[in-house]
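Using my numbering, read the first sequence as starting at 22 and increasing by one per residue. Where is the CB? At the ideal position from N, CA and C, for every residue including glycine.
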Amino acid sequence: MSRLQPARGTSDLLPAAMAAHRKVIETARDASAHYGFQEMATPIFEFSEVFSRPLGDSSDVVTKETYNFTDRGGETLTLRPENTAGVVRAMISNGLTQSLPLKYFYAGPMFRYERPQKGRMRQFHQIGIEYLGAFEPLADAEIIACGARVLADLGVLDRCVLHVNSLGDAKCRLSYRGALVAFLTQHRADLSEDSKVRLGVNPLRILDSKDLRDREILRGAPRLQDHLNDPSKAHFAAVIEALDAAGIKCQLDPLLVRGLDYYCHTAFEFITDALGAQGTVLGGGRYDGLSEMLGGPAIAGVGWAAGVERLAMLVGVGDLAVPQIAMVAAEPLAKVAAFRVAEDLRSAGLSVDIPVSGNMGKKMKKIDRAGVRFAGIIGGSEIDKGTVQLRDLREGNQEELAQSRLASAIITRLNRG
RNA sequence: GCGGGUGUAGCUCAGUUGGUUAGAGCGCCAGUUUGUGGCACUGGAGGUCGCCGGUUCGAAACCGGUCACUCGCCCCA
């Protein structure tokens, strides 16, 4: 630690960055509410099994990316690397399997021990929705539509492409996996080093390899679609039909595979090319097996998560809170009067700042640069008369008003625009 | 975890083949204006040249290591 800096892969959210984050989160919360999703939150850490059991041993998220620690009571805990497992755990813990279906929205920090890059942090923030207890294909379509609306409301949908694929149910996946492994084993010698490893651990991941030799080999590989059974095909077709009916454009992507083991059927990602290698901005899918993996009953689920940092980069800046008026004491003896009037204005619902440093000119300069619209100037003569000079910094005009009329005068002017 | 690039003031960046007190713009502070912002002018503060070590008479510059950021791989949001 040389020169006090935040831990690797973490960063401070100063007001400008915080404003962009808040815009993303609030937009997503509102859009989700339009679809009937209610906000909830789970703890930032859980017993390690909550993540290790469902995510699967082959997943990098578990094998090397989690922050694990033991607390003073000897419990093995993990900082959440994602929130779906936590939400499903909460459903089971709270006996909510009696009140299905459930539609939840969440927002909060996640933690993965990875090599940081732009759009990839060790502490990052996700927003997401989970639709529990609904197996209908329309549930898949609804959450995708909700994701599209979040992106549209943020003004970034036109910079994203929706990729969709079906992984089929557990049976299809198993049969396809066998066929793929058989095929790739014949070409093992020509695969990239990464893919040789994946062949043994998580062969489906080879499908979206960026290695050119891998891609060449994959052109002759068996295709996932050919291994989907009838129920899986019907499910996927119904999802596509619904998206189509609602005018949500998507691109079938047979090579789209999700890393986490609990995914089945629909998998999708909204991808942008504006963010370099970290192009996935919102992604998710169906996870019907997850509840059982956690030791609960078989409960269907679909959901997605989106990266707040990535979306914030696309959105740009949010709105900073700027006070509507600043109460400026023209001379030191008026400080208390300025403070008292400021409190009155706040009681009337206005946001008020009181600049404290420098002479009057400096204070005026400071509030002007901060973008404050009005200055309420008060000095000895105003105190005697019970008035305030109301200066409009945008229009450049000034008027003396009785203190009792100040709040309503400001509100009137603000409403005029 | 693997490979490439970069690190000089709060920010964006100059800095000659190694040479004396390391610069600019913006920002910040102060003054011109002792009850009034934007504009202009004048002045000022602010730098362990990321850090440690090495080469050299001499290092911001060259070499090694390290930390951080960044691009790609991996993985994913």
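Residues of its chain near residue i, where Cβ-Cβ distance is below 8 Å and the 5 sequence neighbours each way are ignored
i	result
Q59	K124, Y125, F126
N418	R412
I346	L366, L371, S372, V373, D374, V393, R394, F395, A396, G397, I431
D229	L276, L277, V278
E67	L98, T99, R101, A106, G107, R110
R43	G339
A169	L178, L183, I269, F291
L435	Q345, R394
E96	F68
Contact belief for residue i with residue j at Cβ below 8 Å, rounded distance in angstroms
i	j	result
L303	A327	4 Å
Q26	G140	The Cβ separation is near 20 Å, so there is no contact.
V323	L175	Not a contact, Cβ separation roughly 21 Å.
A351	I399	6 Å
S216	D232	7 Å
H256	P158	5 Å
H248	G189	7 Å
Distance CB(residue i)-CB(residue j) smaller than 8 Å
i	j	result
H55	E330	no
N104	G149	yes
I404	A355	yes
R165	L264	One detail in the question is off: residue 165 reads as Ile in this sequence, not Arg. Yes; because the gap between Cβ atoms is below 8 Å, this pair is in contact.
P102	T87	yes
I46	L100	no
D7	V260	Nothing in the structure corresponds to residue 7, since the chain is present only between 22 and 438.
I269	L153	no
P130	A155	no
D235	L201	no
D358	V171	Per the sequence presented here, residue 358 reads as Ala, with Asp not at that position. Taking 8 Å as the Cβ cut-off, A358 and V171 do not qualify as a contacting pair.
C19	T293	Since the displayed the chain opens at 22 and closes at 438, residue 19 lies outside it and no answer follows.
S289	P243	Sequence inspection shows Phe at residue 289; the Ser mentioned does not correspond to that position. Not closer than 8 Å, so no.
M348	L296	no
A445	R50	What is shown of the chain runs 22 to 438, which leaves residue 445 out entirely.
A428	A369	yes
T118	G317	yes
Reference residue i, options the options, closest by Cα
i	options	result
L195	A166, L245, L228	L245
Y308	R279, S425, G382	R279
L34	Q144, I65, F90, T206	Q144
N223	A242, P243, R236, G199	G199
N250	S230, C193, A358	C193
K406	R415, S425, E416	S425
R226	Y197, V357, N380	Y197
E70	R361, L315, A359, E416	L315
A266	G94, E163, E416	E163
R415	K386, T287, L332	K386
E151	G221, M61, N380	M61
I238	Q207, G94, E262	Q207
A173	A37, G379, T301, T48	T48
S114	T63, R93, G94	T63
Y134	G95, N89, S378, G116	N89
S32	F132, E420, T287	F132
Sequence-distant residues of its chain with Cβ nearer than 6 Å to residue i (five each side left out)
i	result
L183	C271, F291
V218	none
M22	With a pLDDT of 35 at M22, under the threshold of 50, the modelled position of this residue cannot be trusted; read the value that follows with caution. Result list for M22: empty, nothing under 6 Å.
M381	A351
A38	none
E420	L411
Close-in-space but distant-in-sequence residues of the same chain around residue i (CB under 7 Å, 5 per side omitted)
i	result
L422	T408, V409, L411, A430
A40	V338, G339, D340, L341
G310	A191, Y283, C285
G401	E352, L354, A355
P137	R29, G30, R143
E313	A319
F360	I375
K384	V349, P376
T301	E290, I292
G57	K124
Any non-hydrogen atom of the ligand FMN within 7 Å of residue i CB
i	result
Q59	By its list of ligands, the structure shown contains no ligand whatsoever, and the ligand FMN lies outside what it can speak to.
List, from N- to C-terminal side, the alpha helix (DSSP H) runs of 4 residues or more that fit wholly inside the stretch 291–372.
311–314, 329–336, 356–368
Please specify which runs of the beta strand (DSSP E), each continuous and at least 3 residues long, are wholly inside the stretch 124–161, giving them in chain order.
Counting only runs of 3 or more, we get 144–153.
Unbroken stretches of the beta strand (DSSP E), 3 residues or longer, contained in the stretch 186–251:
none
Would you mind listing the alpha helix (DSSP H) stretches within the stretch 383–438 that are 4+ residues and don't spill past its ends, in chain order?
401–406, 424–437
Curious, which full-length alpha helix (DSSP H) runs of at least 4 residues does the stretch 46–116 contain?
69–76, 81–84, 105–114
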